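Participant:
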Amino acid sequence: MGKKPLLEKVATTIVDRRNLLFLFFIILIVFSLFSMSWVEVEDDIVYYLDKDSNTRKGITIMDEEFTTFGMANIMVSNISYINGEEIAQLIEKVNGVDSVIFENTEAHYKNSSALFVAMFEREETDPVTLTAMDEIREIVQPYDSSISTTIGFNMADQLMKDMTLVGIVASIIILLVLIFTSNSYAEIPILLATFGVAALLNMGTNFLLG
Numbered sequence: 000m001g002k003k004p005l006l007e008k009v010a011t012t013i014v015d016r017r018n019l020l021f022l023f024f025i026i027l028i029v030f031s032l033f034s035m036s037w038v039e040v041e042d043d044i045v046y047y048l049d050k051d052s053n054t055r056k057g058i059t060i061m062d063e064e065f066t067t068f069g070m071a072n073i074m075v076s077n078i079s080y081i082n083g084e085e086i087a088q089l090i091e092k093v094n095g096v097d098s099v100i101f102e103n104t105e106a107h108y109k110n111s112s113a114l115f116v117a118m119f120e121r122e123e124t125d126p127v128t129l130t131a132m133d134e135i136r137e138i139v140q141p142y143d144s145s146i147s148t149t150i151g152f153n154m155a156d157q158l159m160k161d162m163t164l165v166g167i168v169a170s171i172i173i174l175l176v177l178i179f180t181s182n183s184y185a186e187i188p189i190l191l192a193t194f195g196v197a198a199l200l201n202m203g204t205n206f207l208l209g
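Using numbering that gives the first Met the number 0, read the sequence shown as starting at 0 and increasing by one per residue.
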């Protein structure tokens, strides 16, 4: 008899030593459950710039020499100008707020809608600023309002929420495809387990990439 093809040899080895492979993957799965927490995501794009690049140097100097204070644009609709003045005074009294810009001009009041520009005493990530922003949200909550600010906004958390939603939708689509294309319903849990284990091993071994 001739030599067996390489793929056939590999398949035979897997079948003959399947119990050893099962044990290996079980250990790898358990390890991945713990190693997932070792991976940290760097969401600051400046981190990925070359340390010797002019852009990186410029941003570093700006961070060292200048302080960027928090700011928020607050829009409140369906109120009178007098109500707007009252709201501006309430916002200005909040601890951590430096000033509130609200003038009797079209830039700040038009069509029963008021625009307040709140300037804070400290940086966006400062606990005092975050608390002040929460208080401002409570002040305008009873009104038809919207707030535009990066204070308290975590891009990584928002991305994680979006990815979770995408994952749920993708899982539903995959499940429907498997239901309508599988020859046997017994295939479905096996394939789903395969996808799940593959994803888990991927997340659990990402730390190897640094």
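We put the beta carbon where it would ideally sit given N, CA and C, even for glycine.
Quick caveat, the model's predicted, so the values are computed rather than measured.
#1: Out of curiosity, what's the CA-to-CA distance linking residue 149 and residue 98?
#2: From residue 73 to residue 128, what distance separates their C-alpha atoms?
#3: So residue 69 is in the beta strand (DSSP E); what residue range does that whole segment cover?
#4: Does the region 75 to 86 come into contact with the region 134 to 146, if we say contact requires no fewer than three beta-carbon pairs (one atom in each stretch) closer than 8 Å?
#5: Taking the continuous alpha helix (DSSP H) assigned at residue 27, which residues delimit it?
#6: In this structure, does DSSP put residue 206 in helix, strand or coil?
#7: Which whole-angstrom value describes the C-beta separation of residue 90 and residue 116, a residue pair presumed to lie in contact below a C-beta threshold of 8 Å?
#8: Can you list, in chain order, the residues of its chain with a C-beta nearer than 8 Å to that of residue 122? Leave out the 5 residues immediately preceding and following it.
#9: Using beta-carbon positions only, say whether residue 31 and residue 195 come within less than 8 Å of one another.
#10: What's the C-alpha gap between residue 178 and residue 96?
#11: Around the C-beta of residue 21, are 16 or more other C-beta atoms found within 10 angstroms, so that it is buried, or is it exposed?
#12: Enumerate in chain order the residues of its own chain whose CB-to-CB distance from residue 190 is below 7 Å, with the five nearest sequence positions on each side excluded.
Facilitator: By the coordinates alone:
#1: Residue mapping note: residue 149 aligns to position 150 of the sequence shown, counting from 1. Residue mapping note: residue 98 aligns to position 99 of the sequence shown, counting from 1. Looking at the backbone, the Cα of residue 149 and that of residue 98 are separated by about 18 Å.
#2: For this step, residue 73 is matched to residue 74 along the sequence shown. For this step, residue 128 is matched to residue 129 along the sequence shown. For the pair residue 73 and residue 128, the Cα-to-Cα distance works out to about 15 Å.
#3: Start at 1 with the first residue of the sequence shown, and residue 69 comes out as number 70. Its beta strand (DSSP E) spans residues 68 to 76.
#4: At 8 Å Cβ cutoff, the stretches touch.
#5: Counted from its first residue, the sequence shown places residue 27 at position 28. DSSP places residue 27 in the uninterrupted alpha helix (DSSP H) bounded by 17 to 34.
#6: Walking along the sequence shown from the start, residue 206 turns up at place 207. The answer is helix: DSSP assigns residue 206 an H, G or I state.
#7: Position 91 of the sequence shown, counted from the start, is the residue given in the question as residue 90. Position 117 of the sequence shown, counted from the start, is the residue given in the question as residue 116. Not a contact, Cβ separation roughly 10 Å.
#8: By 1-based counting over the sequence shown, the position of residue 122 is 123. Hits under 8 Å: 66, 67, 68, 69, 128.
#9: Translated into the one-based positions of the sequence shown, residue 31 becomes position 32. Translated into the one-based positions of the sequence shown, residue 195 becomes position 196. Contact flag unset, no.
#10: Locating residue 178 in the sequence shown gives position 179, where the first residue counts as 1. Locating residue 96 in the sequence shown gives position 97, where the first residue counts as 1. C-alpha separation (whole angstroms): 57 Å.
#11: Counted from its first residue, the sequence shown places residue 21 at position 22. Burial check for residue 21: the Cβ neighbour count within 10 Å stays below 16, so the residue is exposed.
#12: Looking up residue 190 in the sequence shown gives position 191. Cβ contact annotation for residue 190 (same chain, cutoff 7 Å, sequence separation greater than five): 177, in chain order.
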